[in-house]
Structure formats: structure tokens, C-alpha cells
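This report concerns only the one structure given below.
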Amino acid sequence: MSSKKTVITTCTRDCPNACGLLATVEDGRLTGLAGNPDHPLTRGVACVKAARYVKRVYNPERVTHPMLRRGGRWVRAGWDEVLDLVAERLKTFASESGTESILYYQGYGERTALKLLNKYFFNLFGGVTTLRGSLCGGTGQASQNLDLGQRISHDPLDHSHSQAMILWARNPVSTNISLTAIARDIRGRGGSVLLIDPVRSKSAVLADHHIAPRPGGDVFLAMAAAKLVLAAGAEDREFLARHAVGVEAYLDILSGFSVDDLCRRAGVSRGEAELLAETLMARKPASILLGWGLHRHEYAHYGIRAIDALAAICGNLGVPGGGVSQGFEEYGPYDQRLWGDDLNPPRRTLLLPVIGREILAATDPPIRMIYVTAANPLCMAPNTAAVAEAFGKAEFVVYSGHTMDDTSDFAHVFLPATTFLEETDVMASYGHNYVGPVNPAIAPVGQCKSEFRMFYELAARFPFADRFRKSEEQWLRELCAPVWEQGGDPDTLTKEAFRLDAPMVPYADKVFPTPSGKFQFLTDFDPSHIPDPDPDYPYRLLTIAPHGYICSERTMADHEPLPVVRLAASEAARRGLEHGRPVMVKSPLGQAMATLRVEEGLRPDVLAADRGGWTKAGHGLNRLTRDLASRVGNGTPYYETAVTVCPVPKDGPAGRRILVVQHSDRAPGGDFVKGLARLGALPITVAPARGDALPASPEGFDALVVLGGPQHAYDDAASPHFPALLDLMRAFDAARRPVAGICLGAQLLARAHGGRTWPMGRLEFGFTALAATAAGKADPVLGAALPLPRLMEFHEDSFDLPPGAVPLVTGQDCPSQCFRVGAASYGFQFHLEVDSVIVSDWIKLFRKGDMDTYAPYREVYGETYFAELGADLPVLVAESQEFCRRVVRTWLALT
Ligand code: SF4
1 MSSKKTVITT CTRDCPNACG LLATVEDGRL TGLAGNPDHP LTRGVACVKA
51 ARYVKRVYNP ERVTHPMLRR GGRWVRAGWD EVLDLVAERL KTFASESGTE
101 SILYYQGYGE RTALKLLNKY FFNLFGGVTT LRGSLCGGTG QASQNLDLGQ
151 RISHDPLDHS HSQAMILWAR NPVSTNISLT AIARDIRGRG GSVLLIDPVR
201 SKSAVLADHH IAPRPGGDVF LAMAAAKLVL AAGAEDREFL ARHAVGVEAY
251 LDILSGFSVD DLCRRAGVSR GEAELLAETL MARKPASILL GWGLHRHEYA
301 HYGIRAIDAL AAICGNLGVP GGGVSQGFEE YGPYDQRLWG DDLNPPRRTL
351 LLPVIGREIL AATDPPIRMI YVTAANPLCM APNTAAVAEA FGKAEFVVYS
401 GHTMDDTSDF AHVFLPATTF LEETDVMASY GHNYVGPVNP AIAPVGQCKS
451 EFRMFYELAA RFPFADRFRK SEEQWLRELC APVWEQGGDP DTLTKEAFRL
501 DAPMVPYADK VFPTPSGKFQ FLTDFDPSHI PDPDPDYPYR LLTIAPHGYI
551 CSERTMADHE PLPVVRLAAS EAARRGLEHG RPVMVKSPLG QAMATLRVEE
601 GLRPDVLAAD RGGWTKAGHG LNRLTRDLAS RVGNGTPYYE TAVTVCPVPK
651 DGPAGRRILV VQHSDRAPGG DFVKGLARLG ALPITVAPAR GDALPASPEG
701 FDALVVLGGP QHAYDDAASP HFPALLDLMR AFDAARRPVA GICLGAQLLA
751 RAHGGRTWPM GRLEFGFTAL AATAAGKADP VLGAALPLPR LMEFHEDSFD
801 LPPGAVPLVT GQDCPSQCFR VGAASYGFQF HLEVDSVIVS DWIKLFRKGD
851 MDTYAPYREV YGETYFAELG ADLPVLVAES QEFCRRVVRT WLALT
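According to the UniProt record's numbering, the sequence shown holds residues 1 to 895 in order.
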């Protein structure tokens with residue numbers, strides 16, 4: 001009998017909304033994830049990323065078994081084996097070099113109550129090197145602490161008292177969805193919403209006006225608006241006289257600039273500064289919400305403190321519907337003594353914003369082991385090259401994660417982590433005042449474990465086991481002691497969110513927890529810290545949180561061939577750059593290829609892109625970003641990266657036009673064609689089976705790729721375009737323009753050069769071990785791409801090598817796997833182009849019996865076979881993709 005249930009839980013991803021969610025589970029399988037209408041704040045909303053997360057839970061790229069790297073390759077292992085190894089390494093490094101030779105790199109991917117215990121484990125162990133600083137909001141918090149004593153934000157529901165909302169670099173539509181209803185409500189009541197952001201984000205739909213200061217120019221805009229308010233005599237004199245210090249010094253700073261000068265420095269018109277000032281004067285109270293882009297500058301505290309000052313001058317602090325809200329303490333509701341920081345003398349910390357260089361510079365002792373949880377530093381930390389060098393030098397890297405992402409490539413042990421849908425926990429938010437239940441909707445997928453369970457089992461290998469090994473429920477009772485003291489109770493917190501005892505309106509008594517008890521104005525300001533753009537690198541690279549993804553939480557198959565960068569139309573025209581074409585983005589640190597999107601209305605001094613794309617997928621824009629720490633709060637000033645954009649140099653494969661002949665929608669070009677695009681080539685796909693005409697000659701193309709499909713290479717009656725295609729393949733080769741044939745394409749290539757193709761009478765399906773021949777090892781395309789991983793097969797026909805062909809790869813069941821023929825033609829029987837989506841589609845197609853032609857083979861490949869294939873798929877696909885990348889590079893070099 002089938003079963004269906006709904007489980008109350010809370011989204012634990014790196015997002016301020018921490019939505020209350022309802023997970024739908026049918027027959028033990030997660031089938032839906034939607035907002036919980038009973039959550040008092042998030043009220044049934046959930047973003048597009050929630051629904052998408054269901055797919056992530058069951059994604060074929062998700063690693064669901066522990067793995068060890070052996071002989072350079074990943075192999076599946078049991079939990080006992082990997083945890084024994086991790087424990088042995090911890091003990092060895094600690095005894096040889098001290099516990100500080102181990103770096104615990106705890107990321108921000110999930111910040112639940114039980115995650116506090118990860119650090120407790122390492123403190124019980126003796127205390128290891130940890131991180132300080134943040135990749136995100138640390139600057140804002142530290143800056144507001146200077147002004148307000150302690151950063152405390154208005155409860156989001158208090159914004160419903162606002163007459164105006166200023167979204168200062170906050171993008172609720174993409175990153176804080178609960179605020180969208182409140183913003184609409186303000187406008188519905190005749191109030192006003194302003195968006196201030198160098199880039200017109202999706203939240204422009206919420207706003208009456210959009211003001212786009214130059215990146216880092218926010219301080220000047222806030223000062224200009226303050227001067228206008230003061231000039232109008234609209235300042236809150238009582239607040240300034242009785243509840244603030246440093247007023248005179250701040251007014252002195254302002255007096256050093258004219259409004260016009262400030263507007264010029266901010267990169268806005270005087271009218272825009274007046275609009276901001278008038279909104280604040282006419283619409284009281286006004287809530288100002290700070291976004292995270294504002295934090296990504298070296299002197300971000302100037303901007304944040306000037307915005308706080310503007311709110312103070314306008315009388316918007318400590319009033320309902322007012323305030324400058326930056327964020328909330330996501331670890332605030334817990335008993336932080338359970339971190340165990342008092343167990344050891346303070347241990348070494350490394351500065352996260354410059355983590356690559358910090359690891360490399362650590363000598364006393366050097367970092368020998370790195371243990372990473374809830375982070376993908378090889379993608380998300382700035383200056384990827386330095387991070388890669390640092391991780392590459394570590395002797396042992398343990399990685400707890402979901403997919404074979406950039407960081408996994410540097411790991412020696414992969415610990416497959418559960419998602420929050422498989423966990424028991426409690427989740428607080430950095431966007432509101434509620435803690436919510438995290439209940440397991442489904443059993444852990446495969447052999448995945450929660451981080452808590454990993455450390456629980458690891459602890460059993462140490463003398464402190466008894467101090468760590470309590471159940472989730474026991475620990476949550478202890479961790480949440482402050483919640484119980486505020487009136488929460490453990491049972492209710494498994495069913496509904498609990499509002500913490502936090503003010504709706506902070507500082508309502510106008511008393512601030514500063515040394516003076518008053519609001520403290522910014523009193524030291526040097527405008528030269530915010531210099532004009534560098535003519536050699538005139539654009540600030542803004543890597544912005546995308547609408548559809550959280551950070552790097554994606555899969556290889558999710559990636560477009562290249563990252564998209566957005567440039568103002570005027571700048572593109574000035575540089576002769578075309579929309580949709582590859583361009584080279586250069587910073588002093590390096591360069592990256594990207595696809596250009598020309599955008600009307602974008603500021604001419606920015607280059608905008610989504611953040612979080614993987615480096616191994618050709619994205620990874622942190623290859624370009626500078627690693628430095630913000631002057632206040634040890635934040636990461638990603639937006640201090642200045643870049644330029646150029647055409648892709650013509651001296652390499654970039655710009656080569658590659659004709660791609662596709663035979664089936666279910667056999668797309670995958671990573672082979674994406675790989676071409678990642679090198680700047682221009683694949684042009686035709687599908688003769690759908691009626692596309694084949695070009696009559698190679699004219700206008702530099703190379704030819706012929707893909708696979710279910711057709712038979714010997715069957716011209718079913719595929720009447722084959723004779724013309726064979727002519728074309730010969731013509732390309734005669735013109736010394738490279739040809740690559742994959743599967744059916746390889747069979748056609750053999751036929752084109754005089755080889756016979758024939759049915760094998762059986763099917764070869766799945767990832768197969770193959771061997772390179774001596775000629776293969778010496779071949780300029782294949783030899784440079786070795787070693788050979790196991791590669792995907794899906795064919796029931798084979799071929800005799802044509803006269804003069806050189807066999808490069810052989811297989812046991814089907815000998816003809818790869819050959820070279822003619823001047824520059826390569827046949828690949830195996831599907832080196834596959835990604836996880838293509839393979840999964842083929843597995844589904846095969847298992848469900850969607851294609852009658854494969855019916856006779858179904859009993860050969862049973863459910864056990866597919867279960868094993870599924871368990872190995874993340875590694876098989878990742879290794880195949882790496883091989884494909886190498887082949888594409890060497891093959892394209894023939895053009
Ligand atoms: S990612 Fe954010 S907005 Fe989306 S469901 Fe999770 S908490 Fe809510």
C-alpha cells in the first residue's frame with residue numbers, strides 16, 4: 001500500500017529567509033518541498049530553489065557512499081574504513097606536528113544548532129587551527145557594532161510599519177523572499193520603495209525607483225543625502241543632541257564636500273541623491289535594509305556607517321518601521337559554551353578572506369591536514385590559484401559534501417553528507433528572529449550521514465568519546481537551553497517555529513550598548529580609500545548571488561559552457577564586443593573566458609556575473625578576485641576586483657567554427673561540445689534527422705563533430721542523409737580539418753574511410769575499462785589526454801577499422817574503441833561526451849523500456865547492475881568529464 005506524509009521542517013541553506021517548509025514524502029521518497037503556511041513569518045513562501053532542491057537530493061551527481069582516493073582514483077569504501085583512516089591521520093599529525101597542523105575549515109553552507117558541535121569535536125581533540133573572518137556579512141556586523149554597540153536588526157514584521165523601504169543592495173526577490181510581500185504592502189499603502197544597487201536586480205520590480213551608485217560609492221550617496229536633509233533643516237535634532245556622539249566630527253566630514261562633489265564620487269545624479277533625501281524626509285518612518293553586496297569592499301564600513309548615520313540624522317533609529325537592518329545572529333539562540341572553546345588555550349586562527357595565502361604562510365606548524373565541512377573553498381574563496389596551491393600542498397584533505405565539486409578534487413577522503421531533509425536539527429536565521437524545527441523527511445540517501453553523525457562516529461575512536469556521544473535530541477536539549485529559558489519547549493520546537501525574545505524595534509529607548517550609551521557617528525573618513533576606476537582595469541567585477549542557486553550548490557551538468565558576464569551596451573560598442581560572443585575577462589590575477597551579455601542601462605563601470613559557478617566547469621570567477629580583508633570585520637572584499645574585457649585572442653582555437661551533427665535529442669553534444677565552447681570555439685549544431693540541411697562542403701567550418709544516436713551506420717534507407725554525411729566527413733579530412741565521430745559518429749567515420757559496420761548482436765552498456773594501445777599513447781590527441789578512465793558505452797553495432805586506420809584504444813568485449821584515420825579524423829566508440837543528465841536519461845530509457853530496440857538486452861542488465869552503476873555514477877561521470885576536457889583541448893588544437 002502506498003503511503004504519503006507531510007513533514008514540517010526548515011530550510012537550512014545559506015539564505016537569510018530560513019523558510020518554514022513542508023516536505024511531501026510518498027513511499028519513503030521526497031516528492032515535494034513547499035512553504036509552510038503556518039510559519040509566522042515566512043507564511044508559506046519558498047523560492048524556486050526549494051523545489052529545485054528535491055532534485056538535488058536525488059541528483060545522479062550526489063555522492064552517496066564514502067570514498068577514498070587510491071592510486072589517484074576515487075574508490076568506494078565503508079564508513080569504518082574511512083573514519084579509521086581520518087582518525088589515524090588526526091592522531092598522527094597531532095603527535096608529529098601538534099594539533100595546530102590540522103585546519104578545520106567550517107563553511108557557512110549550513111548553520112544549524114548541531115553544527116556547533118563540529119568545533120566541539122575539534123576542541124575535545126585538543127584544539128586545531130580554525131578560521132576567523134567571513135566571506136559574507138562580517139563587515140556589516142562589525143561596522144554596525146561600532147555605531148550601535150551591538151548590531152540588532154528590526155524584526156522583519158516591523159517593516160510593515162514603514163512608510164518607505166530602502167533596499168540598499170538587498171535583493172529580496174532572489175535572496176530574501178519574505179520581504180517581497182512587505183515591500184508590496186508598503187507600496188500598496190502609498191509608501192515608497194527604493195532600490196539602491198549598482199546593478200538593476202530582480203527586486204527592481206518591487207521598487208518605485210532604482211538608484212545605481214558606482215560600486216563602493218554608497219558612502220558618498222549616503223553623505224550627499226545627509227547633507228540635503230541637513231540643508232533642509234529636516235534632521236532629528238533631539239536624537240542628535242541627546243542620543244548620539246561624534247555628531248560634530250561627522251558634520252565636519254560632510255562639510256568637506258559639496259553635494260555635487262559627493263554625487264560625482266557616488267556616480268549618481270544630484271536628482272537621485274535628492275530623491276533619496278526627499279523619500280527619507282517625506283516618508284517616515286523608513287526602514288533601510290542592507291544587502292551583502294554592500295559588504296564586499298575593503299572600506300565597506302564607510303558605506304555602512306554612513307548609512308547608519310543617515311538614518312540617525314533622519315530620526316529613523318529606535319522607531320517602529322525604521323532602523324538599518326543588516327542581519328541576525330544565527331548562532332545566537334544556542335548555548336555557545338558547547339563550542340568548547342574553553343577546553344584549550346586559544347588556538348591559531350587563519351584569516352578566511354585570504355585563506356590560500358594564510359595556509360601557505362603558516363609555518364609554526366605548517367598545515368598538514370585540512371578538514372572541510374559545508375564549504376567549497378576552491379570555488380567560493382577569492383584568489384582560487386592561491387587556495388589551490390594551499391590545498392594541493394596539504395598532505396591530507398577530508399571533505400564532507402554532496403557532489404564532486406572543485407574542492408573534492410583536492411580531497412583524499414570524501415564523506416557523503418546528508419541534506420537537511422535527512423536530518424534532525426534546529427535552525428535559526430540570519431534574516432529573522434525565529435528558530436525552526438529540522439525534521440528528517442526521508443531516511444539518509446545511500447550511506448550518507450549528517451555531519452553530526454560523522455563526528456559522533458569519529459569520536460568513538462578517541463578517548464573523549466563519552467563526552468561527545470549523545471543523541472541529537474539530547475544535544476539539542478542542551479544547545480537550545482537559551483530557547484527553553486525564553487519559553488520554548490523541546491516538543492513544540494519539533495512542530496513549529498519559535499520566536500526568540502528579541503525586540504521588534506531595537507534601541508526603542510534610544511539607549512545604545514556603546515561605551516557612551518549613545519549612537520556613535522563615523523568620525524574618521526579618508527575619501528582616497530575609494531579611488532576612481534583604474535583605466536587599465538575599468539570595471540568592477542560584481543559576482544552576485546544568482547536567482548536560481550545558493551552559492552556553489554549546483555552540479556556539473558547545471559553549468560552552461562561559460563559564465564555569462566553583463567556589460568553596458570555603450571562599453572561593449574566602444575570595445576567592439578558582440579552580445580552572445582565569448583570574451584576574455586582579465587584582472588591582475590588572471591583571466592577567464594565568458595559569454596558576453598550586452599545590457600542596456602547597466603552602469604559603464606561594472607561587469608556583473610553570477611557567483612558560485614565551478615572552476616572545473618569553466619566558471620570559477622574567483623580565479624580573478626583579489627584576496628584581501630576588509631578594514632573592519634575581516635570580511636571579503638570581492639568587489640575590489642577590477643577587470644577589463646577584451647576580445648578572445650585569435651591565435652588559439654578561439655573563434656573556430658565547429659560543425660556539430662546531432663542525430664538524436666537524447667544524444668546531445670554534452671561535455672564535448674561544452675568543452676569546445678569553453679575554449680572559445682563556436683559550435684554550430686545541425687540535426688539532419690529533424691530536416692536540417694547538411695552543408696555541402698567544409699567551407700566556413702574549421703572542424704566537424706558527428707554525434708551518436710540510435711540509427712545504424714549501415715542503414716542508409718532509414719537515414720538518407722548518411723551518404724552526404726560520409727562525403728562531408730571525407731571532405732573535412734581531405735581539407736585537413738579535424739573530424740571527431742562519437743559512437744554512431746565513429747562507425748560512420750569508419751565507413752567513410754572504407755571500413756565495414758555491423759551489428760554485434762548484443763548491447764554494450766555502461767562504464768567500461770579500456771586500454772590505450774602503444775600508438776594511442778603516442779598519439780597527439782589521445783596520448784596527451786591519458787590516463788583513460790572507465791568510459792560510457794551504449795551501442796549494439798561495431799565496425800572494422802578502415803584501411804590505414806590506427807587503433808588507439810581497445811576494449812575487451814568490443815575491440816574497436818578509438819582510432820585515428822586520414823589526416824586528422826578520430827573515431828570514439830565510447831561516449832566521452834556524457835554528463836550526469838545524459839547518462840541518467842539513458843539509464844531511465846533503458847530501464848523503463850522506452851525503446852523496444854533494447855528489449856532483448858534488459859535481462860542482461862538487472863536492477864543490481866543499475867544500483868551499482870548509480871552508486872558509482874558521480875565518480876564515473878566526473879572522471880569521464882575530466883578525460884573529455886583533455887581530449888577536446890588536444891583535438892581542437894589540431895585546427
Ligand atoms: S533558499 Fe531561502 S528562500 Fe529558498 S526556501 Fe530556502 S530559505 Fe526559503
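Glycine included, C-beta positions come from ideal geometry on N, C-alpha and C.
C-alpha distance - residue i paired with residue j, whole-angstrom precision
| i | j | result |
| --- | --- | --- |
| Pro515 | Arg631 | 21 Å |
| Arg73 | Leu788 | 11 Å |
| Arg76 | Gly776 | 29 Å |
| Glu882 | Lys284 | 58 Å |
| Met380 | Gly291 | 18 Å |
| Pro503 | His154 | 7 Å |
| Val398 | Phe414 | 6 Å |
| His432 | Ser203 | 19 Å |
| Pro647 | Ala594 | 10 Å |
| Ala23 | Arg111 | 20 Å |
| Ala46 | Ala718 | 49 Å |
| Met369 | Thr555 | 26 Å |
| Glu422 | Trp842 | 28 Å |
| Ala362 | Val354 | 12 Å |
| Pro649 | Glu358 | 35 Å |
| Leu30 | Val54 | 7 Å |
| Trp484 | Thr424 | 18 Å |
| Arg89 | Leu749 | 52 Å |
Residue i - DSSP class collapsed to helix/strand/coil
| i | result |
| --- | --- |
| Gln447 | coil |
| Leu602 | coil |
| Gln144 | helix |
| His795 | strand |
| Val511 | coil |
| Ala532 | First, the amino acid is wrong: residue 532 is Asp here, not Ala. Asp532 falls in the coil class under three-state DSSP. |
| Cys47 | coil |
| Cys646 | strand |
| Tyr539 | strand |
| Cys551 | coil |
| Gly670 | helix |
| Tyr399 | strand |
| Gly35 | strand |
| residue 897 | Only positions 1 to 895 of the chain appear in this structure, which leaves residue 897 out of reach. |
| Leu124 | helix |
| Gly590 | strand |
Selected residue, minimal CA-CA separation from residue i, among the options
| i | options | result |
| --- | --- | --- |
| Gln812 | Gly822, Phe830, Ser825 | Phe830 |
| Pro637 | Gly327, Leu624, Pro649 | Leu624 |
| Leu621 | Leu30, Leu869, Pro172, Asp406 | Asp406 |
| Ala572 | Tyr549, Val606, Ala545, Ser587 | Val606 |
| Ala411 | Asp797, Leu808, Tyr105 | Tyr105 |
| Cys814 | Leu415, Glu764, Ala417, Leu21 | Glu764 |
| Glu553 | Val505, Asp610, Arg566 | Asp610 |
| Ala277 | Leu251, Ala231, Asp252 | Ala231 |
8 Å contact criterion, which residue i and residue j should meet: CB distance rounded
| i | j | result |
| --- | --- | --- |
| Gly827 | Gly138 | With a Cβ gap of about 55 Å, Gly827 and Gly138 do not count as contacting. |
| Ala629 | Leu351 | 6 Å |
| Asn176 | Pro16 | 5 Å |
| Pro198 | Leu542 | 6 Å |
| Val245 | Gln520 | 6 Å |
| residue 896 | Phe498 | Because the chain in this structure spans residues 1 to 895, residue 896 falls outside the shown range and cannot be described. |
Query raised in the report: What runs of the alpha helix (DSSP H), each 4 residues or longer, lie entirely inside the stretch 152–233?
Result: 172–175, 178–188, 218–231
**Report entry** Whole alpha helix (DSSP H) elements within the stretch 361–396, 4-residue minimum
**Finding:** Runs of the alpha helix (DSSP H) inside the stretch 361–396: 377–380, 384–393.
Query raised in the report: Whole alpha helix (DSSP H) runs in the stretch 69–116 with 4 or more residues, listed along the chain?
Result: 79–97
Report task. Within the stretch 237–275, note down every full alpha helix (DSSP H) run reaching 4 residues or more, in order along the chain. Result -> 237–242, 247–255, 259–266
**Report entry** Sequence ranges, beta strand (DSSP E) only - wholly within the stretch 699–741, length at least 3
**Finding:** Contiguous beta strand (DSSP E) elements confined to the stretch 699–741 occur at 703–706, taking only those with 3 or more residues.
Query raised in the report: Which residue spans inside the stretch 772–845 form an unbroken beta strand (DSSP E) run of at least 3?
Result: 791–799, 806–811, 818–821, 825–828
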